[in-house]
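Engineer: Chains as they are written, first to last, in my numbering: chain A, 37 to 155; chain B, 37 to 155. Cβ coordinates follow ideal geometry from the N, Cα and C atoms, glycine included. Given the structure is predicted, the values throughout are model-derived calculations rather than measurements. Before I ask anything, let me first share the structure, which is written out below as structure tokens.
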DNA sequence: ATAAAGTATGAAGTATACTATATAGTTTAA
DNA sequence: TTAAACTATATAGTATACTTCATACTTTAT
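And the structure:
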């Protein structure tokens, strides 16, 4: 269990952003009931994993809302198996679409490069 | 050559957004000098191609600024071949990074699915 | 013991990317 | 010919995702 500063250093995500993600319901830390002099929040590996996932997903254009949909499936036990798998399968489709679009972009850029070289 | 309404219908991008992209320097229409009763702007296939490229690039998380960098190489003749190819090669690297991240996300989601199924 | 560094909270500010509104002129179809 | 539809311009407003600031308390290092 680590404090926000360590979590920030570990993931490369600024403290302010981590707090913003926590307020947005993407990650969750916990108070240690035995600590009574302060209200410092502690984060486990789960939070670190989620932050790393957020970084990846954001880099490929998913919104925080879309990311939350997946993350909620991650550890959520109250939703039916079927519903959980459905959400995840939808995301897999979206990911494949994005991969297709990236490949289409590559093709376009190759064409553009060829045009430039033949000038 | 088409007016903004037709361009919008062809690409699925709202007129307001097209105007915003033009103001941002991503696309460019032209006035017809022979038309003197109005100042309607006409767009060619180049603008339509660029808009389709913008759609793809945005879907995979590129910012308008990053997209503009590529688009400027597209038809720009004032920049040296070498500089143009350098920018495009950088984008190709970024695209490959994004594909890697998408594959990593797929792997994570598969693990998550397996966990759910084994509950 | 005290200054520096870390933590929590709330509120305001910023950047990006639109989206809507108001105004005014132009074109087109009934 | 006139009302509906289209176009241009400028300005303001909105949503998302942070980022900064102010305040106050706690911990840590010297």
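Give me the chain B residues within the contact set of residue 37 (chain A), using Cβ-Cβ distance strictly less than 7 Å, ordered along the chain.
Structural biologist: Locating residue 37 (chain A) in the first chain gives position 1, counting from the first residue. Chain B residues near residue 37 (chain A): none, gap ~22 Å exceeds 7 Å.
Engineer: I need the boundaries of the alpha helix (DSSP H) containing residue 111 (chain A), first residue and last residue.
Structural biologist: As a working note, residue 111 (chain A) is residue 75 in the first chain. Per DSSP, residue 111 (chain A) belongs to the alpha helix (DSSP H) from 100–111.
Engineer: In this structure, what does DSSP give as the bridge partners for residue 38 (chain A)?
Structural biologist: For the purposes of this step, residue 38 (chain A) is taken as residue 2 along the first chain, with counting starting at 1. BP columns for residue 38 (chain A) point to A:79.
Engineer: What is the rounded straight-line gap between the Cα of residue 57 (chain B) and the Cα of residue 45 (chain B)?
Structural biologist: Taking the first residue of the second chain as position 1, residue 57 (chain B) is located at position 21. Taking the first residue of the second chain as position 1, residue 45 (chain B) is located at position 9. Rounded to whole angstroms, residue 57 (chain B) to residue 45 (chain B) spans 16 Å at the Cα level.
Engineer: Is the CB-CB distance between residue 118 (chain A) and residue 62 (chain A) below 8 Å?
Structural biologist: For the purposes of this step, residue 118 (chain A) is taken as residue 82 along the first chain, with counting starting at 1. For the purposes of this step, residue 62 (chain A) is taken as residue 26 along the first chain, with counting starting at 1. Contact: no.
Engineer: State the DSSP-derived secondary structure class of residue 70 (chain B), mapped to helix, strand or coil.
Structural biologist: In the second chain, counting from the first residue as 1, residue 70 (chain B) sits at position 34. Coil.
Engineer: Give me the chain A residues within the contact set of residue 89 (chain B), using Cβ-Cβ distance strictly less than 7 Å, ordered along the chain.
Structural biologist: Your numbering for residue 89 (chain B) matches position 53 in the second chain. Ordered by position in chain A, the residues that pass the 7 Å Cβ test against residue 89 (chain B) are 144.
Engineer: Please tell me whether residue 119 (chain A) has its Cβ less than 8 Å away from any Cβ of chain B.
Structural biologist: Here residue 119 (chain A) refers to the residue found at position 83 of the first chain. The Cβ of residue 119 (chain A) sits no closer than 8 Å to any Cβ of chain B.
Engineer: Using a Cβ-Cβ cutoff of 7 Å, what residues of the stretch 125–150 of chain B are near chain A? List them in chain order.
Structural biologist: 127, 128, 131, 134, 135, 137, 138, 140, 141, 142, 144, 145, 148, 149
Engineer: So, for residue 106 (chain A): in the same chain, excluding its five sequence neighbours on each side, which residues have a beta-carbon less than 6 Å away from its beta-carbon?
Structural biologist: Here residue 106 (chain A) refers to the residue found at position 70 when the first chain is read from its first residue. Contacts found: 127.
Engineer: Report the option in B:152, B:135, B:121, B:148 whose CA atom is closest to the CA atom of residue 153 (chain A).
Structural biologist: Taking the first chain and counting its residues from 1, the one referred to as residue 153 (chain A) is at position 117. Here the closest residue by C-alpha is B:121.
Engineer: Let's see if you can read the secondary structure: which residues bound the alpha helix (DSSP H) around residue 127 (chain A)?
Structural biologist: Numbered from 1 along the first chain, position 91 holds the residue referred to as residue 127 (chain A). Counting along the chain, the alpha helix (DSSP H) containing residue 127 (chain A) begins and ends at 117–153.
Engineer: Classify residue 115 (chain B) as buried or exposed, calling it buried when 16 or more other Cβ atoms lie within 10 Å of its own Cβ.
Structural biologist: By one-based count along the second chain, residue 115 (chain B) stands at place 79. Counting Cβ neighbours within 10 Å, residue 115 (chain B) comes out exposed, since fewer than 16 surround it.
Engineer: Assign residue 137 (chain B) to buried or exposed, taking buried as 16 or more other Cβ atoms, counted over all protein chains shown, within 10 Å of its Cβ.
Structural biologist: The residue given as residue 137 (chain B) occupies position 101 in the second chain. Buried.
Engineer: Closer than 8 Å by beta-carbon distance: list the chain A residues that pair up with residue 49 (chain B), in chain order.
Structural biologist: Along the second chain, one-based indexing puts residue 49 (chain B) at 13. By Cβ distance, chain A contributes nothing, its closest Cβ being about 16 Å from residue 49 (chain B), past 8 Å.
Engineer: Quick one: residues in its chain with C-beta nearer than 7 Å to the C-beta of residue 39 (chain B), no 5 flanking neighbours on either side, listed in chain order?
Structural biologist: For the purposes of this step, residue 39 (chain B) is identified with residue 3 of the second chain, where counting begins at 1. Result list for residue 39 (chain B): 76, 78, in chain order.
Engineer: To which residues of the same chain is residue 55 (chain B) closer than 8 Å at the C-beta, ignoring the five residues directly before and after it?
Structural biologist: Start at 1 with the first residue of the second chain, and residue 55 (chain B) comes out as number 19. Taken in chain order, the residues that qualify are 40.
Engineer: Label residue 65 (chain B) either buried or exposed according to how many other C-beta atoms from any shown protein chain fall within 10 Å of its C-beta, with 16 as the threshold for buried.
Structural biologist: Along the second chain, one-based indexing puts residue 65 (chain B) at 29. Per the 10 Å Cβ criterion, buried.
Engineer: Just curious, the alpha helix (DSSP H) that residue 51 (chain A) is in, first and last residue?
Structural biologist: One-based indexing of the first chain puts residue 51 (chain A) at position 15. Taken as a continuous stretch (DSSP letters only), the alpha helix (DSSP H) holding residue 51 (chain A) covers 51–59.
Engineer: Please report the distance separating the alpha-carbon of residue 150 (chain A) from that of residue 81 (chain B).
Structural biologist: The sequence position of residue 150 (chain A) within the first chain is 114, counting from 1. The sequence position of residue 81 (chain B) within the second chain is 45, counting from 1. C-alpha separation (whole angstroms): 20 Å.
Engineer: Quick one, are the C-beta atoms of residue 100 (chain A) and residue 49 (chain A) less than 8 Å apart?
Structural biologist: Along the first chain, read from residue 1 onward, the residue named residue 100 (chain A) stands at position 64. Along the first chain, read from residue 1 onward, the residue named residue 49 (chain A) stands at position 13. No; because the gap between Cβ atoms is not below 8 Å, this pair is not in contact.
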